[in-house]
Amino acid sequence: MIHIFEWADSFVGKSEIELQRPFIERIHSMLLKGTGAGHEYLGWLHLPSEFNQDELQRIKKAGRKIAQQADVLVVIGIGGSYLGAKAALNVLQHSFQDLLPSHKKPMHVIFAGQNMSGTYLQELLEILDNHEVAINVISKSGTTTEPALAFRVLKQYMEQRYGVTEAALRIYATTDAARGALRALADQAGYETFVIPDDVGGRFSVLTPVGLLPLAAAGIDIDAMLEGARIAELELNEPDVFKNPAYAYAALRQIVRSKGKEIELFVTYEPGMHYVGEWWKQLFGESEGKDGKGLFPASADFSTDLHSLGQFVQDGTRSLMETVIRIKHTRKTLSIEAVEQDMDGLNYLAGKTFSDVNDTALEATMLAHQTGGVPTIGLELEDMSEKSLGYLFYFFEKAVAVSAYLSGVNPFDQPGVEMYKTNMFTMLGKPGYDKEGSTS
Ligand SMILES: O=P(O)(O)OC[C@H]1O[C@H](O)[C@H](O)[C@@H](O)[C@@H]1O
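Be aware that the sequence shown starts at 1, since it is given in UniProt numbering, and climbs by one per residue.
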């Protein structure tokens, strides 16, 4: 369901990929046997095929209940507890869904707790009164500052508006089975809760209740998404780097990195794919960017950004490589028609579709960038359906695990994100943080 249509072959020789074969095979078996660094976080590996069916039914049931209770679902979460659902909604929903006639309008999912802006939260509160509201608060640790703070405000709003008992029926918590402040709070208030498995890290959690509950509430076919991921789990369990596109992608980017490239630009040509780029940035950034290593993950929406970043990509500092996502079948096809006077000079495009033109832009740009010294990998995704997206999520999870191991780092920890938090807590006077910026 994903295939590599461009192997950066003017920069990477087949023999160089061949050299990676033994390392990849070793990593493949390390993943299967669970013997690598961070092996206690391998729950995502068999999640699609081993998904607990009772839990799945409960997610779908809660999704239906939310859809009956509310027309706005506020999902509170950050990082891995936000980006997967946001990406999936961006891919799968109508580009202008807010403006659809009301009978066609699905549940409106709004995100909160993904920033610390008082303006954002205050303005969210201002619009909620005109809607029926439900909340899904998501935090694996149950202690992350941004979502905890947003939940404090929104919980109070819900209790004042609906009363404590009714509010508790409209709040759903997704968190650790036993640990964290959110678990204690949810148990005490009697919210319906969903568990993020211990062995699934936040950025790998899109196919757990973290991603699936908001999506189910929005009417997304989560069975199809899991089905796509199951196909990926099966197909991408192939040890041969030349037969496994996730492994080939991992190998290619490491070879390119070893030749001095420092930034990987994740490029999409469909606006609906924008947040897949955001999700991908966390997955690759936190999994690989450590011990002084890693490609800095950046993203761009072409052709839009060709009119802003294009100059740099073509001609600026030569530190970039590019990964381009091509969608084989777009959701809609719009044909370009000839007009009588051809004042705009576009009749030469008559008979083509927008997809034809967009694809040509993609090919032309790839060629130009490769000529300009940007190694480019092209990944083709079948379409923008639930099934393909499930496949894509799993594809990148598998690829990043192998890629990080190839570069010699533990893919499953993120020690570097703590330092700013320690400074911030010290500056804010959080109990337990002393003036030197270390926990006491
Ligand atoms: O789900 P939570 O525990 O609230 O974590 C939310 C996010 O914040 C942390 O700082 C981590 O860097 C991320 O990996 C995580 O996804």
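We put the CB at the ideal spot given by N, CA and C, even for glycine.
Practice prompt. Give the single residue among GLY390, SER287, GLU278, PRO101 whose Cα lies nearest to the Cα of MET225.
Written response: By one-based count along the sequence shown, residue 225 stands at place 225. Of the candidates GLY390, SER287, GLU278, PRO101, the one whose C-alpha sits nearest the C-alpha of MET225 is GLY390.
Fill in: Cα-Cα separation, GLY437 to ASN423
Here the question's residue 437 lines up with position 437 in the sequence shown. Here the question's residue 423 lines up with position 423 in the sequence shown. Residue placement at GLY437 is poorly supported in this model, since its pLDDT is 48, which falls under 50; the coordinates still yield a value, given next. For GLY437 and ASN423, the gap between their C-alpha atoms comes out near 5 angstroms.
Discussion item. From the DSSP secondary-structure annotation, give me the bridge partner or partners of THR143.
Written reply: As a working note, residue 143 is residue 143 in the sequence shown. Partner residues in a beta bridge of THR143, as assigned by DSSP, do not exist.
Discussion item. Between which two residues does the beta strand (DSSP E) holding GLY378 run?
Written reply: Counting from 1 along the sequence shown, the entry for residue 378 is found at position 378. Annotation: the continuous beta strand (DSSP E) that includes GLY378 extends over 376-383.
Worksheet item: Do you know offhand how far GLY43's Cα is from GLU50's?
Response: Sequence index remark: in the sequence shown, residue 43 carries index 43 (1-based). Sequence index remark: in the sequence shown, residue 50 carries index 50 (1-based). Approximately 10 angstroms, taken between the alpha carbons.
Worksheet item: Candidates GLY77, ILE78, GLY63: which alpha carbon is nearest ASP71's?
Response: Numbered from its first residue, the sequence shown carries residue 71 at position 71. ASP71 has its Cα closest to that of GLY63, out of GLY77, ILE78, GLY63.
Worksheet entry | ARG326 in three-state terms, based on DSSP | Within the sequence shown, numbered from 1, the residue matching residue 326 stands at position 326. Residue state, collapsed to three classes: strand.
Worksheet item: To which residues of the same chain is GLY277 closer than 7 angstroms at the C-beta, ignoring the five residues directly before and after it?
Response: Locating residue 277 in the sequence shown gives position 277, counting from the first residue. Listed in chain order, the non-local C-beta contacts of GLY277 below 7 angstroms within the same chain comprise PHE266, THR268, SER299, local neighbours out to five positions each way being set aside.
Worksheet item: The beta strand (DSSP E) spanning HIS307 covers which residue range?
Response: Walking along the sequence shown from the start, residue 307 turns up at place 307. Under the DSSP assignment, HIS307 falls outside any beta strand (DSSP E); it carries neither an H nor an E label.
Fill in: LYS60 and ALA218 closer than 9 angstroms at C-beta
Along the sequence shown, read from residue 1 onward, the residue named residue 60 stands at position 60. Along the sequence shown, read from residue 1 onward, the residue named residue 218 stands at position 218. Taking 9 angstroms as the cut-off, the beta carbon of LYS60 is found no closer than this to the beta carbon of ALA218.
Worksheet item: Cβ of ILE78 versus every heavy atom of ligand 1: is any distance shorter than 8 angstroms?
Response: Position 78 of the sequence shown, counted from the first residue, corresponds to residue 78. Within the cutoff, so yes.
Discussion item. Quick check: GLU132 and GLN69, are their CB atoms within less than 9 angstroms of each other?
Written reply: Here residue 132 is taken as the residue at index 132 of the sequence shown, counted from 1. Here residue 69 is taken as the residue at index 69 of the sequence shown, counted from 1. Contact flag set, yes.
Worksheet item: For THR119, does the three-state DSSP call read helix, strand or coil?
Response: Indexing the sequence shown from 1 puts residue 119 at position 119. For THR119, the three-state secondary structure derived from DSSP is helix.
Worksheet item: Taking buried to mean at least 16 other C-beta atoms within 10 Å of its own C-beta, is SER440 buried or exposed?
Response: Reading the sequence shown from its first residue, position 440 is the one you call residue 440. Residue placement at SER440 cannot be trusted, given a pLDDT of 48 that sits under 50; what the coordinates show is reported in the next sentence. When all chains shown are included, SER440 counts as exposed.
Fill in: Simplified DSSP state of PHE194, which is helix, strand or coil
Stepping through the sequence shown from its first residue, residue 194 is reached at position 194. It is a strand residue.
Worksheet item: Bridge partners of GLU340, per DSSP?
Response: For the purposes of this step, residue 340 is taken as the residue at position 340 of the sequence shown. Under the DSSP definition of a beta bridge, GLU340 lacks any partner.
Practice prompt. Would you check if there are 3 or more beta carbon pairs closer than 8 angstroms linking the segment 338-347 to the segment 393-402?
Written response: The segment 338-347 is not in contact with the segment 393-402.
Discussion item. On the DSSP letters alone, give me the boundaries of the beta strand (DSSP E) that THR175 sits inside.
Written reply: Counting from 1 along the sequence shown, the entry for residue 175 is found at position 175. Residues 171-175.
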